[in-house]
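A short worksheet on the structure shown next.
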Amino acid sequence: MNKNTVILLSKVKQSLELRSLTNNSFKTFLITLLSLTLLFSISCSNEGTTGGEVNGGGSISVSEEANNSKDITVVSSSSSVYSAGTVGFSVSGASDYDVSIQSVDSGSNPLTLDASDFSYTKSTKELTLSSSGITKFKSATLTETTAYKYTITFKFADSSDASKETTANVTINLYKAKVITKTEIEDMIKSMKTVRVDDSSYKNVAQFTFSSTTFSANTPNFNASNIGSTEKNIKFSKSSGRIWTGEAIKETSNYKTYFSGLNIYHKEPLVVGANCTFYFRFTLKGGYALSSEVAHITSDGLSIQLKLSSVNSQGWE
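Each residue of the sequence shown is one higher than the last, beginning at 191 in my numbering.
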């Protein structure tokens, strides 16, 4: 209903109120009906504007996503980024937007970086050092595994309305990595305590020691033979083997130094005859990197094989 109609109805209502009608009930009914019609007209005229204007005006609202990883780890020996940060945003108020790095606050860090020293890719959410940032990093004196904090100001602008823009600050950690090689991984496994694995009846125990084991680039990376029960036709628990091998790894000094997590359920154990291979996926602490020969332990996982006695017909279940 348009504005003129609303005005006309209002005048009719006023006229009826002034006229002297013999039927007061009918008069009351008409006035009430006209009042309701006016209210409905006003309500309809407001539809489509509730919550702000759809086209033009308004503002952009930005918040960080919960699963962001804001560590950038650089290997100085190769002058390369080992792991980039992942910084995603939730943006409302714009159907599409452009994002750029506006400025960088280096604080009191020994390495001063500016906006051009970082690179951000909206589609992948990857935040890393640019070529100029890598060049500056190479010449800086930094301490391995120390978190150097930088506050980056991101600028957001509506792709279709340049007047709608805002900023968001994100604090990231820049690390000079300590590289872990197969030597540190081998030392970790060699320092494991004896792994004891129960059979299904909990009457027999297989025992595995790793003090003399060596790393292999092939699967399994490590292996150990049973020095415990020699009973024949015994079935030992895969679940027990996986759990207690994982616990033995987590109790080592090198694990506690370099890693923050161990997934023992990453992949199902592989049984071939009397041998069972377990897979353990590691999560690095910030500031550490893996050499290429052991890089797989954070993806495919480190493989450890426990070998029972085939002569005594021992096996896994």
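For every residue, glycine included, the Cβ atom is placed at its ideal position computed from N, Cα and C.
- Around the beta carbon of Y365, 16 or more other beta carbons lie within 10 angstroms, which makes this residue buried.
- The C-alpha of F405 is placed about 6 Å away from the C-alpha of E376.
- Burial is judged here by how many other beta carbons sit within 10 angstroms of a residue's own beta carbon; P300 has fewer than 16 and is exposed.
- By DSSP's assignment, K345 forms a beta bridge with S290 and T357.
- When DSSP states are grouped into helix, strand and coil, Y478 belongs to the strand group.
- In the structure shown, A485 falls within a helical segment according to DSSP collapsed to helix, strand and coil.
- Here S259 carries a strand assignment [DSSP, helix/strand/coil].
- Residue pairing by DSSP places E507 opposite no residue, since no beta bridge is assigned to it.
- Spanning the alpha carbons of T403 and F412 requires a straight line of approximately 7 Å.
- Boundaries of the alpha helix (DSSP H) around I439: K428 to K440.
- If you draw a 10 Å sphere on the C-beta of T420, you find fewer than 16 other C-beta atoms in it, and that means exposed.
- Contact between G505 and A464 holds: CB atoms are separated by about 6 Å, below the 8 Å threshold.
- In this structure, G278 is the residue among G283, G278, A367 and S298 with its C-alpha nearest to the C-alpha of S290.
- Residue burial is scored here from C-beta neighbours: N257 has fewer than 16 other C-beta atoms within 10 angstroms and is therefore classed as exposed.
- If you draw a 10 Å sphere on the C-beta of S273, you find 16 or more other C-beta atoms in it, and that means buried.
- DSSP places I494 in the uninterrupted beta strand (DSSP E) bounded by L492 to K497.
- No Cβ-Cβ contact shorter than 8 Å links S309 with G283.
- Residue pairing by DSSP places L317 opposite G275 and Y310 in a beta bridge.
- Judged by DSSP secondary structure, D388 falls within the beta strand (DSSP E) whose first and last residues are V385 to D388.
- Excluding the 5 residues flanking it on each side, T473 has same chain C-beta neighbours closer than 8 Å at F449, S450, G451, L452, N453 and T488, in chain order.
- Taking the Cα positions, C466 is about 38 Å away from S270.
- Straight-line measurement puts the Cα of S353 at about 46 Å from the Cα of L480.
- Secondary structure at T371: coil, using DSSP grouped into helix, strand and coil.
- The continuous alpha helix (DSSP H) containing S443 extends over residues S443 to Y448.
- Residue nearest to F344 within the set Y469, D295 and I262 is D295 (criterion: CA-CA distance).
- Assigned with DSSP and collapsed to three states, S280 falls in strand.
- Rounded to whole angstroms, the separation of the alpha carbons of K428 and S390 is 10 Å.
- If you ignore the 5 residues before and after K315, its C-beta comes within less than 7 Å of the C-beta of T276, V277 and G278, all in its own chain and listed in chain order.
- If you look at L460, you'll find it in the beta strand (DSSP E) that goes L460 to V462.
- Per DSSP, E421 lies in no beta strand (DSSP E) segment and is marked neither H nor E.
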